[in-house]
Amino acid sequence: MSLRTLLIWCIIAGLLGGAAVVLRDRGVQAAENQQPEWVGLQFDPAAVTRIELGDAEASVRIERDLETVDQWLGLWSHDTGEMAWGVSASRVRGALRALATARVRLSDERLIQDTYDEIVIAGRDKAKTTLQIGTDRSGGRAPVRVEQVDTTGAIERVLDGWLETGIADALTYGVTLTWRDEKLLQLAPTSVESIRISARPYTTTLERNGGRWSITNPVRVHADREKCEQLVRSALAIKAAGFVEQDVDDATSGMSNPLAVIEVRSGDKDYTLSIGKGADIGGDLLYGQFASGDTETLIRVSKDAFTKLTAVPDAYVSGIAVPSGATDIRGLTVLSRDGASRLQVRRNAGEWSIGEERTDSLTGESIERLIRLLTQSHADAVRLLDADIEVPKLIAGIELTDLQGNGLGSYGIALQPSESGIRLLVMQTLADGQRVVWSYVGDEAQATGTWLTVAATRVGSQG
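Under the numbering used here, read the sequence shown as residues 426 to 888, first letter to last.
Right, dumping it as structure tokens:
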């Protein structure tokens with residue numbers, strides 16, 4: 426080979442070697458500049474109806490109440506038992522939004538091995554996102570595997586990668602316990618069908634039938650609608666001032682002999698709140714046990730929540746003596762103090778008549794005043810009296826009937842002197858011998874008492 430040829434080959438080899446170095450350096454630089462790939466979870470938080478998470482020792486199931494606009498219920502299961510409780514909707518929404526907008530840094534290999542926590546996000550359309558989150562933490566990230574199923578149940582995609590630790594740790598058993606709503610009863614006041622309140626020595630049961638409330642225990646008598654609904658509103662407003670996570674025996678909490686018990690029924694569900702002993706040194710908090718279904722939860726409640734509640738049945742008796750409307754009353758009988766009929770009148774076409782003869786204007790006005798007092802005027806005081814308690818002697822009795830002659834109630838009438846003048850007492854004897862006494866004062870009451878005194882002493886029966 427000539428010297429010239431050798432030099433040419435050396436030049437060519439040098440050029441090729443330089444090109445290889447340049448290409449290698451460019452490849453290394455490209456590899457170093459390559460950005461990691463990030464992928465979002467891509468689910469709609471508004472469509473989520475269920476969240477499940479947990480491990481081998483504990484689990485949580487949080488479900489949306491599909492019958493309401495935005496209410497959630499949580500069920501926490503642990504080796505010590507189960508607890509069901511209302512969940513703060515804002516906390517759930519915040520966690521779902523954070524997870525839906527989170528991004529996974531993809532990996533080419535599976536990072537999850539044997540130990541992991543699982544989170545299931547399910548929607549009303551059957552779409553589901555399942556996250557397996559590893560227990561290892563490195564560089565502010567946790568290993569994760571994401572499996573997403575579409576509305577047909579087919580696997581849509583599977584991702585392996587890393588998730589920010591803050592997002593991964595936002596859905597755990599302990600964190601969801603902080604989501605529990607302070608409000609005990611997630612109910613609309615109109616959905617409450619009955620409420621019972623007990624505080625020694627009283628127990629009072631109130632029931633709603635349509636738009637009317639009645640006391641059904643310890644007596645059966647019509648109740649004051651506004652007072653009953655105020656009781657319901659006060660009961661629904663009771664909140665937990667804290668949750669008792671440690672074990673407290675019944676003797677310490679007072680649950681073995683509660684100071685008070687409130688029971689609420691709505692539809693086919695019953696809720697019970699039992700109030701026990703003091704739960705703090707200052708005496709501002711009380712232990713409470715809230716039961717719903719088969720679950721019982723020990724909480725702390727503020728004393729102030731019970732200032733407007735009373736178990737005394739007198740407080741709920743209607744201030745209106747006769748629950749029927751004035752136009753429903755078509756017949757009136759005035760009785761003497763010994764029960765003899767003294768006056769019988771019927772209403773026909775807006776006029777009161779004795780037999781076939783219309784009453785005089787004075788009698789008609791007196792009857793209307795009596796009916797108005799019984800059906801529209803609120804008594805100045807209402808009391809429930811046991812059968813053995815003496816009451817003033819009756820001056821008269823009245824019996825009310827409807828268009829068909831069905832009884833609308835029988836009442837005794839008495840007069841009682843008071844500092845404000847003559848007091849008219851309207852008394853109704855209940856099935857167990859107890860009496861309800863409505864007390865009226867004022868000109869209308871005195872005029873009614875005077876007329877009934879005269880009508881009850883008429884000689885002979887009229888009508």
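Where is the CB? At the ideal position from N, CA and C, for every residue including glycine.
Keep in mind it's a predicted model, so treat the numbers as computed, not measured.
- Around the Cβ of His803, are there at least 16 other Cβ atoms within 10 angstroms (buried) or fewer (exposed)? Exposure of His803 is indicated by the presence of fewer than 16 other C-beta atoms within 10 angstroms of its C-beta.
- Message: Quick check on Ile592: does DSSP put it in helix, strand or coil?
- Response: Under the three-state reduction of DSSP output, Ile592 falls in the helix class.
- Distance, Leu656 Cα to Arg633 Cα: Roughly 13 Å between the two C-alpha positions.
- Item | Buried versus exposed call for Ala812 [16 or more other C-beta atoms within 10 Å across all chains shown] | Burial check for Ala812: the Cβ neighbour count within 10 Å stays below 16, so the residue is exposed.
- Query: Grouping DSSP H, G and I as helix and E and B as strand, with all else coil, what is Glu790?
  - Reply: In the structure shown, Glu790 falls within a helical segment according to DSSP collapsed to helix, strand and coil.
- Message: Quick test of your reading: Gly667 and Arg725, contact by CB under 8 Å. State the CB separation rounded to the nearest angstrom.
- Response: Confirmed, Cβ separation roughly 4 Å.
- Within 8 Å, strictly: CB atoms of Val485 and Leu521: The answer is no: Cβ separation not under 8 Å.
- Query: How would you label Trp463, buried or exposed, when you count the other beta carbons within 10 angstroms and need 16 or more for buried?
  - Reply: Trp463 should be labelled exposed.
- Message: If I follow the unbroken beta strand (DSSP E) through Lys551, where does it start and stop?
- Response: No beta strand (DSSP E) contains Lys551, which DSSP labels as neither H nor E.
- Compute the Euclidean distance between the alpha carbons of Leu798 and Ile847, then round it to the nearest angstrom. Straight-line Cα distance between these residues: approximately 15 Å.
- Message: Within 10 Å of its beta-carbon, does Ala856 have 16 or more other beta-carbons around it, so buried, or fewer, so exposed?
- Response: It counts as exposed.
- Item | Length of the line joining the Cα atoms of Pro614 and Val689 | Near 11 Å, if we compare the C-alpha coordinates of Val689 and Pro614.
- Message: My output table needs one value for Arg516: the three-state DSSP class, helix, strand or coil.
- Response: Under the three-state reduction of DSSP output, Arg516 falls in the helix class.
- Message: Beta-carbon within less than 7 Å of Pro738's beta-carbon, same chain only, minus the 5 sequence neighbours each way: which residues are those?
- Response: If the five residues before and after Pro738 are omitted, its C-beta is found closer than 7 Å to the C-beta atoms of Tyr627, Thr629, Ile640, Pro643, Val644, Leu809, all from its own chain and listed in chain order.
- Chain-order list of residues whose beta-carbon lies under 7 Å from that of Gly565 (same chain, five-residue window excluded): Around Gly565: Glu589, Thr590.
- Counted within 10 angstroms of its Cβ, other Cβ atoms place Gly578 as buried (16 or more) or exposed: The residue in question, Gly578, is exposed, as its Cβ has fewer than 16 Cβ neighbours within 10 Å.
- Message: Are the CB atoms of Ile796 and Ala751 within a distance shorter than 8 Å?
- Response: Yes. Within cutoff.
- Item | Through-space distance from Ile487 to Glu581, alpha-carbon basis | Rounded to the nearest whole angstrom, the CA to CA distance from Glu581 to Ile487 is 24 Å.
- Cβ neighbours of Val453 in the same chain (closer than 6 Å, five flanking residues each side left out): Low per-residue confidence applies at Val453: pLDDT is 39, beneath 50, and the placement is therefore not dependable, though the value from the model is reported in the following sentence. Correct list: empty, nothing qualifies.
- Message: To the nearest angstrom, how far is the alpha carbon of Arg605 from that of Asp672?
- Response: When rounded, the distance between both Cα atoms is 19 Å.
- Message: Beta-carbon within less than 6 Å of Glu815's beta-carbon, same chain only, minus the 5 sequence neighbours each way: which residues are those?
- Response: Only residues of its own chain outside the window of five on either side were considered, and among them none has a CB closer than 6 Å to the CB of Glu815.
- Task: Return the CA-CA distance between Ala821 and Lys733, expressed in angstroms with no decimal places.
- Result: Approximately 38 Å between the Cα atoms of the pair.
- Query: With contact counted as at least three CB pairs below 8 Å, one residue from each stretch, are the stretch 509 to 521 and the stretch 530 to 543 in contact?
  - Reply: These segments do not touch.
- So what does DSSP say about Val583, is it helix, strand or coil? Strand.
- Find the nearest neighbour of Val529 within the set Gln557, Ser717, Lys551, judged by alpha-carbon distance. Checked all of Gln557, Ser717, Lys551; the closest Cα to Val529 is Gln557.
- Using the C-alpha atoms, what's the distance from Trp863 back to Glu781? C-alpha of Glu781 to C-alpha of Trp863: approximately 34 Å in a straight line.
- Status (buried if at least 16 other CB within 10 Å, exposed otherwise) for Thr601: Per the 10 Å Cβ criterion, buried.
- Of the choices Trp638, Ala662, Ala660, whose alpha-carbon is the least far from that of Glu651? The candidate whose alpha carbon is nearest that of Glu651 is Trp638.
- Which term fits Ala676, buried or exposed, when burial requires 16 or more other beta carbons within 10 angstroms of its beta carbon? By the Cβ neighbour-count rule, Ala676 is exposed, with fewer than 16 other Cβ atoms within 10 Å of its own.
- Same chain only: Cβ atoms within 6 Å of Ile544, ignoring 5 sequence neighbours per side: Correct list, in chain order: Leu478, Leu556, Leu596.
- Task: Check the DSSP bridge columns for Val851 and list the partner residues they point to.
- Result: As computed with DSSP, Val851 is found in a beta bridge with Ile838, Trp863.
- Message: For Tyr627, report the span of its beta strand (DSSP E) as first-last.
- Response: Element bounds for Tyr627: 627 to 634.
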